[in-house]
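**Student:** Encoded as structure tokens, here's the structure I'll be asking about.
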Amino acid sequence: MQVLIILIIFSSFVPSIPSQNNDSIVMDDMVLSRAQFDEWFSEHGAFRGRNSKGEEFKWKDGIVPYSINESLGYIQRNIIAQAIEDIEEVTCVRFRKATPEDKYQVHITNDRPGCFAEVGFLKKPVQTFNIYPNECSKRAVIHEFLHVLSFTHEQSASERDKYVKILMENVADDKKHNFLKNKRDTNLGVPYDYNSIMHYSNNAFSKNNNPTIVSITDGGEVPERLVQVMSEKDILRIIRLYKCKDKL
């Protein structure tokens, strides 16, 4: 009987759980390991709190080796180069072309529709980063690179309930998992940021064109459109996580 009850509860939750792909959990544009999802987002997972600031998913010395699949055309390569330039100009993080000596790298490809990336440094020989033709602007590529650097979505921040309210009644049933709250404290001492390039728009995944995210603070406003550039707080968090002494 207990097993039956568990199965019934689980089946009722299916429309709101992220899709699963081999050993990965997909939440919108974030590809997480099962361990990451369980520790960060699962209501049933045990959060151990270890290195909760994101240290364990940093790239060593702030250097990200990457390669680009030969199938990507000039336009996509140019967008990648511009996104990298924007990040490197204001932080100490560096992206460099991978060499045979690199044990780990991010491989940028266009295998499937959409813009998505694995989150953080996962100690995998090759990590996924996908940008599909005509679907991924420079803004989207910067956003994905910040996922690579271990940052998740702003409206999922552990302290988000002090700043925004998620109107789940307006969220499409199969998209509700995208509004799970991250149990890690990853703000690095930087206040919640409505203008983050990692923040959803105010009607993200709406099923009825009504808002899905609203501000609950005086002066705070959830953007109607996705922010196109990194905010000062986005930059400060990268600087603090990667200890960019020359940028402080």
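Numbering-wise, the sequence shown is residues -19 to -1, 1 to 229 according to mature numbering (1 follows the signal peptide of the UniProt record, and there is no 0). Ideal Cβ placement from N, Cα and C applies to all residues, glycine included. Keep in mind it's a predicted model, so treat the numbers as computed, not measured.
(1) Would you identify the three-state DSSP class for M211, choosing helix, strand or coil?
(2) Exposed or buried, which one is Q57 when buried takes at least 16 other CB atoms within 10 Å?
(3) Below 8 Å on the Cβ atoms is my contact criterion, and I expect N151 with T193 to pass it. Report the Cβ-Cβ distance as a whole number of Å.
(4) Identify, in the order they occur along the chain, each residue of the same chain with its Cβ nearer than 8 Å to the Cβ of M8, setting aside the five sequence neighbours on each side.
(5) Within this structure, are the beta carbons of V171 and L217 separated by less than 9 Å?
(6) Determine the contact status of K214 and N176, defining contact as a CB-CB distance below 9 Å.
(7) Quick test of your reading: residue 231 and S52, contact by CB under 8 Å. State the CB separation rounded to the nearest angstrom.
(8) In angstroms with no decimal places, state the Cα-to-Cα distance between C73 and Y47.
(9) Any idea what DSSP makes of S23, helix, strand or coil?
(10) Quickly, what does DSSP pair E99 with across the bridge? List them, please.
(11) Compute the distance between the beta-carbons of D154 and F97, then report whether it is under 9 Å.
(12) Leaving out five residues on either side along the sequence, give the residues of the same chain with a beta carbon under 7 Å from the beta carbon of I219.
(13) If you follow the beta strand (DSSP E) that Y47 is in, where does it begin and where does it stop?
(14) Where do the ends of the alpha helix (DSSP H) carrying I197 lie?
(15) Output the distance between the C-alpha atoms of Q209 and K41, rounded to the nearest integer angstrom.
**Tutor:** Put simply:
(1) Sequence index remark: in the sequence shown, residue 211 carries index 230 (1-based). Coil, per DSSP.
(2) Indexing the sequence shown from 1 puts residue 57 at position 76. The residue in question, Q57, is buried, as its Cβ has 16 or more Cβ neighbours within 10 Å.
(3) Position 170 of the sequence shown, counted from the start, is the residue given in the question as residue 151. Position 212 of the sequence shown, counted from the start, is the residue given in the question as residue 193. Yes, they are in contact, since the Cβ atoms of N151 and T193 sit about 5 Å apart, within 8 Å.
(4) In the sequence shown, residue 8 corresponds to position 27, counting from 1. Result list for M8: P(-2), F18, F22, H158, N159, L161, in chain order.
(5) Position 190 of the sequence shown, counted from the first residue, corresponds to residue 171. Position 236 of the sequence shown, counted from the first residue, corresponds to residue 217. Closer than 9 Å, so yes.
(6) Here residue 214 refers to the residue found at position 233 of the sequence shown. Here residue 176 refers to the residue found at position 195 of the sequence shown. Yes, the Cβ-Cβ distance between K214 and N176 is below 9 Å.
(7) Outside the displayed span of the chain (-19 to 229) sits residue 231, for which this structure offers no information.
(8) Numbered from 1 along the sequence shown, position 92 holds the residue referred to as residue 73. Numbered from 1 along the sequence shown, position 66 holds the residue referred to as residue 47. Roughly 16 Å between the two C-alpha positions.
(9) Mapped onto the sequence shown, residue 23 falls at position 42. Three-state result, S23: coil.
(10) As a position in the sequence shown, residue 99 is number 118, starting the count at 1. For E99, which the question treats as bridged, DSSP gives the partners V12.
(11) Reading the sequence shown from its first residue, position 173 is the one you call residue 154. Reading the sequence shown from its first residue, position 116 is the one you call residue 97. Taking 9 Å as the Cβ cut-off, D154 and F97 do not qualify as a contacting pair.
(12) Reading the sequence shown from its first residue, position 238 is the one you call residue 219. Cβ neighbours of I219 beyond the five flanking positions: T72, V74, L130.
(13) Here residue 47 corresponds to residue number 66 of the sequence shown, with the count starting at 1. Start and end: 44 to 49.
(14) Here residue 197 refers to the residue found at position 216 of the sequence shown. Neither: I197 is in no alpha helix (DSSP H) and is coded neither H nor E.
(15) Position 228 of the sequence shown, counted from the start, is the residue given in the question as residue 209. Position 60 of the sequence shown, counted from the start, is the residue given in the question as residue 41. Each residue's Cα considered, the two are about 28 Å apart.
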